[in-house]
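Remarks on the structure that follows.
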């Protein structure tokens, strides 16, 4: 509507100028009269000036409006200036646009202030680098953690710690790794994560550094408490019957005053009790010895030898190895892998050990009546490999779930309780994780590295 009024106004003024121009030409050629000629010339000049002023004023308002938007000034208001209804509509439209832009600008400012406050008060150190590895931004947490005022480029991080420099430089987007560094003379365990975004067409790398010292200390203390509870429970289960049976045998072989009895005076029942007690003491002693041997095996450091391998080949070897057990239990194993080979840096023997442990656990959890299914799903995303071992068995008791990775904790009558904790150690050696999820039925153990 505004455009139509503007166009009509221009057309009327142009027509007036054309008509006056024709009248001027007619007067000059046909009837040259001074008064008529002067009048037409004045009217023609007025029409031309009116047209120019009309266009200039419209352009001026629009230019002023666009400049105010460009400069972010949304406090101006526009009036028609008694130039007609079409200008009132134009002024109203401009004022409406200014109001909307003002609201958007306010929301943008509030959003920026919120992000700025969050950035400055969050406990995670945040740094951003451009494509030339120049430091663009560093929040307060990063400044407090690094305590180095002259950081300009990534190479300056060598002055803090070379391990930290290499970790930031080499880490891939969406990857997470934990490194031990020294900042000054203080040791730190830092979680390093990387994100990549594009701002104004230019790549920006965001690095997140999280100090894990306190969290690790708390987890370590909690792990020790859980381990001591398990060790105490296992040792007491062996030591208590040994002490009890030893006292029983001693009461058979000694008088109340502590003197020894004549063995020939012992009854057959007493002799049977002695041999039975000795057998039980021997059995519990062997069990305790085996437990200590298992603990020594678990506490022994694990060394990994990494090589680039096809992960699907490892899974297929595990399937062949466990095929007799699966057939004997009437359980189906399904392997899902992408058409393209999934390559990863892996210690073959250690990953096989983890998979064997997970499949055997799943084998014990599912039914052996032909309905039991175990699936192994291999995936690769963002340079990370994941293997999910899923079963449709009885699942895991939610109360037991927090303790399944605690060394020597087990709900099995003949289990050692180190399978899952050892698997977690192996995945940490690979810079990865092992996680468990409980669907409606069964369980899902996911390896990722």
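Numbering (the numbering used here), first residue to last: -17 to 431. Positions of the beta carbon are idealized from the N, C-alpha and C atoms, including for glycine. Bear in mind that the values here come from a model prediction, so they are computed numbers and not experimental data.
Ordered along the chain, which non-local residues of its own chain (more than five positions away) have a Cβ less than 7 Å from that of residue 334?
296, 299, 300
Give a yes or no on whether the C-beta atoms belonging to residue 344 and residue 360 are separated by under 8 Å.
no
Could you name the residues that DSSP lists as bridge partners for residue 434?
There is no way to answer for residue 434, as the model of the chain reaches only from -17 to 431.
Is there contact between the region 308 to 318 and the region 401 to 411, where contact requires at least three CB pairs shorter than 8 Å?
no
Within the region 229 to 267, note down every full alpha helix (DSSP H) run reaching 4 residues or more, in order along the chain.
none
Exposed or buried, residue 180, counting other C-beta atoms within 10 Å across all chains shown (16 or more means buried)?
exposed
Could you pull out every unbroken beta strand (DSSP E) segment of at least 3 residues lying fully inside the region 315 to 382, listed in chain order?
325 to 328, 355 to 363, 366 to 373
Looking at residue 132 and residue 119, is the spacing between their C-beta atoms short of 8 Å?
no
Please report how far the alpha carbon of residue 264 lies from the alpha carbon of residue 257, in whole angstroms.
10 Å
Quick test of your reading: residue 324 and residue 367, contact by CB under 8 Å. State the CB separation rounded to the nearest angstrom.
6 Å
Beta strand (DSSP E) segment containing residue 142, residue limits
Note, residue 142: premise wrong, no beta strand (DSSP E); not H, not E.
According to DSSP, which residues form a beta bridge with residue 168?
165
Nearest to residue 330 by alpha carbon, out of 290, 341, 346, 351?
290
C-alpha distance - residue 136 paired with residue 425, whole-angstrom precision:
44 Å
Is residue 128 buried or exposed, if buried means 16 or more other CB atoms sit within 10 Å of its CB?
buried
Reducing DSSP to helix, strand and coil, say where residue 87 ends up.
helix
Bounding residues of the beta strand (DSSP E) (the contiguous stretch that carries residue 118)
117 to 120
Which of helix, strand or coil DSSP assigns to residue 403
helix
Can you tell me the Cβ-Cβ gap for residue 217 and residue 270, rounded? I've got them flagged as a contact below 8 Å.
7 Å
Quick check on DSSP: helix, strand or coil for residue 425?
strand
Find the nearest neighbour of residue 342 within the set 112, 402, 159, judged by alpha-carbon distance.
402
Can you have a look at residue 352 and say buried or exposed, based on whether 16 or more other CB atoms are within 10 angstroms of its CB?
exposed
I'd like to know if the region 155 to 169 and the region 81 to 96 are in contact, where contact means that at least 3 CB-CB pairs between them fall below 8 Å.
no
In chain order, what residues of the same chain lie with their CB nearer than 7 Å to the CB of residue 417, ignoring the 5 residues before and after it?
428
6 Å CB neighbourhood of residue 358 in its chain, flanking five on each side removed:
297, 317, 371
From residue 431 to residue 350, what distance separates their C-alpha atoms?
32 Å
Quick check on residue 303: buried or exposed, where buried means 16 or more other Cβ atoms within 10 Å of its Cβ?
exposed
DSSP three-state label for residue 104, please.
coil
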